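Right, one structure below, let's go through it.
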Amino acid sequence: MDGLAIKEILSGGQRANMRFFGPHCLDSEGNPMSFGQQMAVVSHYLHNRCHASGRTYQQKALGLMKDMGRSLSDGSEDWLASDTAAQTDFFREFLDVPFKSPADPQFTFIDLFAGIGGFRLAMQSLGGRCVFSSEWDEQAQRTYLLNYGEVPFGDITKEETKSYIPDGFDLLCAGFPCQAFSLAGRRMGFEETRGTLFFDVAEIIRRKRPRAFFLENVKGLLIHDRGRTISTILNVLRNDLDYYVPEPEIVNAMHFGVPQHRERVYIVGFRKDQGVRDFTYPKPTDTTKTFADVKEQSPVSARYYLSTQYIKTLVRHKERHAALGHGFGYEIISDNSVANAIVVGGMGRERNLVVDRRLTDFTPETRISGEVNREGIRKMTPREWARLQGFPEEFIIQVSDTAAYKQFGNSVAVPAIKATAEEILKRLPKRSKKYSKA
Numbered sequence: 136m137d138g139l140a141i142k143e144i145l146s147g148g149q150r151a152n153m154r155f156f157g158p159h160c161l162d163s164e165g166n167p168m169s170f171g172q173q174m175a176v177v178s179h180y181l182h183n184r185c186h187a188s189g190r191t192y193q194q195k196a197l198g199l200m201k202d203m204g205r206s207l208s209d210g211s212e213d214w215l216a217s218d219t220a221a222q223t224d225f226f227r228e229f230l231d232v233p234f235k236s237p238a239d240p241q242f243t244f245i246d247l248f249a250g251i252g253g254f255r256l257a258m259q260s261l262g263g264r265c266v267f268s269s270e271w272d273e274q275a276q277r278t279y280l281l282n283y284g285e286v287p288f289g290d291i292t293k294e295e296t297k298s299y300i301p302d303g304f305d306l307l308c309a310g311f312p313c314q315a316f317s318l319a320g321r322r323m324g325f326e327e328t329r330g331t332l333f334f335d336v337a338e339i340i341r342r343k344r345p346r347a348f349f350l351e352n353v354k355g356l357l358i359h360d361r362g363r364t365i366s367t368i369l370n371v372l373r374n375d376l377d378y379y380v381p382e383p384e385i386v387n388a389m390h391f392g393v394p395q396h397r398e399r400v401y402i403v404g405f406r407k408d409q410g411v412r413d414f415t416y417p418k419p420t421d422t423t424k425t426f427a428d429v430k431e432q433s434p435v436s437a438r439y440y441l442s443t444q445y446i447k448t449l450v451r452h453k454e455r456h457a458a459l460g461h462g463f464g465y466e467i468i469s470d471n472s473v474a475n476a477i478v479v480g481g482m483g484r485e486r487n488l489v490v491d492r493r494l495t496d497f498t499p500e501t502r503i504s505g506e507v508n509r510e511g512i513r514k515m516t517p518r519e520w521a522r523l524q525g526f527p528e529e530f531i532i533q534v535s536d537t538a539a540y541k542q543f544g545n546s547v548a549v550p551a552i553k554a555t556a557e558e559i560l561k562r563l564p565k566r567s568k569k570y571s572k573a
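Below, the structure written as structure tokens:
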């Protein structure tokens, strides 16, 4: 095995169950670590070993490297744990990536519920160094690895995962899922959030006390459970955790240079010793973009074009809902208009159909009912979805179309995140010294 095999192992191929065994390959409960867990520790160490945050991973990572070095040699050497050149060569897949962390960061952050790293792209572009990432979905982990050279840790609800979060980072970023709370005693405080993923975010804030946090969620959070959910969240952040938290705001990605009508609620907060007493969410910067700005420049595969039978099904579905007075159903986005929010499941792709008459070979590439339609109606491609979310062209997509749609549909819109993060960073006092190196 060499560095080039790591992504194949992590992507679920024949060797997906591979793991190295040795005295350092057990977790804190004495269970063998999965290969993904091992690579999360090692990759986090390699990216942070020249900075103070690397100390969090150093002992475990060097032990794992020693076990690997012995497994890959004659059983007596530990060259991976001691030889920097050997580490660089063996783990080159972690280091030779399109989106590297800045060598001299202006601030540090952690990336929770990381997905494919939309927060990370935005923060790195502003000079931030990611010192911890967590994402449980294995396909998203693979995309994250290919682009940032880091395997995110898994389930953030586990204490083992939390134990790897370094101290002293500046900003916590999280796009946590929306869940109802028990509200058992109607105290609407910290304890009522147990069993939800917000509880884990709040617990990390409580333990680590970052200078600020930036949370993202669907706009429905504001009315979820008749408003009790957001009330509980704000009460915990403001009163239990003692952060300055301005009123959340719905931010639309289409105001920041991407042609997608995507409204999300943003919640930011500042530790009170930072002296922040007011906060203004960013004003629109660019509302001129249309689908033509993200449309594929070359003709796309026939597999993205709808079959004649599927179009008939969509038409009937829309007619049924129209008869009931509903506005549900497919929608065709013209080149000079803005896309609907891209979402996973339901009508996520069907509400963002486009007309593209450049197809000349109508031979089906997948099993379909009927024929490839001659009207030019097709789904947007995964790359078009990536552009709608503000991901750059060099962002690597090496998963199935189904997985790619899910990953981009679940992602944050990078330009809107960046614009808001700039407002957060403007208000944080400058550190008196640069970030220490190990």
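Using the numbering used here, read the sequence shown as starting at 136 and increasing by one per residue. Think of the CB as a built atom: it goes at the ideal place given N, C-alpha and C, for glycine as much as any other residue. Only a predicted model underlies this, so the values are computations on that prediction, with no experimental measurement involved.
Note on geometry: alpha-carbon atoms of T501 and F288 lie some 36 Å from one another.
Annotation for F229: S178, L181 and G284 place their beta carbon closer than 6 Å to its own, counting only its chain and skipping 5 residues before and after. Assignment of R518 by DSSP, reduced to helix, strand and coil, places it in the helix class. Our two residues, G525 and V393, have alpha carbons roughly 6 Å apart in a direct line. Here the segment 462–470 does not lie against the segment 385–392, with fewer than 3 beta-carbon pairs under 8 Å apart. Secondary structure in the segment 438–492: the alpha helix (DSSP H) runs of 4 residues or longer, each lying completely within the stretch, are 443–458 in chain order. The C-alpha of V534 lies about 7 Å from the C-alpha of Q274. 7 Å or more divides the Cβ of N370 from the Cβ of C313.
DSSP places L230 in the helix class (H, G or I) of the three-state scheme. Considered as a whole, the segment 344–413 harbours 347–353, 384–387 and 398–406 as its complete beta strand (DSSP E) runs of no fewer than 3 residues, in chain order. In the DSSP assignment, S268 falls within the unbroken beta strand (DSSP E) covering G263 to S268.
Per DSSP, reduced to three states, the secondary structure at F244 is strand. Excluding five sequence positions before and after L356, the CB atoms of its chain that fall closer than 7 Å to its own CB belong to C313, T364, I365 and V400, given in chain order. In the DSSP assignment, V176 forms no beta bridge with any residue. Exclusion of the five residues before and after D202 leaves F155, G157, H159 and C160 as the residues of its chain whose Cβ lies within less than 6 Å of its Cβ.
In the three-state DSSP reduction, L494 falls in the coil class, being neither helix nor strand.
By the Cβ-count criterion, L459 is exposed, with fewer than 16 other Cβ atoms from all chains shown falling within 10 Å of its own Cβ. In the DSSP annotation of this structure, the continuous segment of the alpha helix (DSSP H) that includes L280 starts and ends at E273 to Y283.
When the alpha-carbon of F254 is set against those of L560, K561 and A556, the nearest one is in A556.
The C-beta of E485 has 16 or more other C-beta atoms within 10 Å across all chains shown, which makes the residue buried.
For A337, the closest of R373, F304, G362 and G303 by C-alpha to C-alpha distance is R373. Setting aside the 5 residues that flank it on each side, K430 is surrounded in the same chain by D470 and E519, each with a C-beta closer than 7 Å to its C-beta; the list follows chain order. For R513, the secondary structure class from DSSP, reduced to helix, strand or coil, is strand.
By the C-beta criterion, the segment 534–546 is judged to be in contact with the segment 473–481, since at least 3 inter-stretch pairs fall below 8 Å. Annotation: L161 is outside any alpha helix (DSSP H) and is labelled neither H nor E by DSSP.
Exclusion of the five residues before and after N508 leaves Y440, L441, S442, T443 and I446 as the residues of its chain whose Cβ lies within less than 7 Å of its Cβ. Going by beta carbons, A554 and P381 fall outside the 7 Å limit. Under the three-state reduction of DSSP, L563 is assigned to coil, being neither helix nor strand. Around the beta carbon of F497, fewer than 16 other beta carbons lie within 10 angstroms, which makes this residue exposed.
Less than 7 Å separates the beta-carbon of F244 from that of L306.
With a 10 Å radius around the Cβ and a threshold of 16 neighbouring Cβ atoms, S208 comes out exposed. Beta-bridge pairing by DSSP links L523 to no other residue. Per DSSP, reduced to three states, the secondary structure at F334 is helical. Residue state for F288 is assigned as strand, using DSSP reduced to three classes.
In the structure shown, the three-state DSSP call for A548 is coil. Per DSSP, reduced to three states, the secondary structure at D239 is coil, with no helix or strand assignment.
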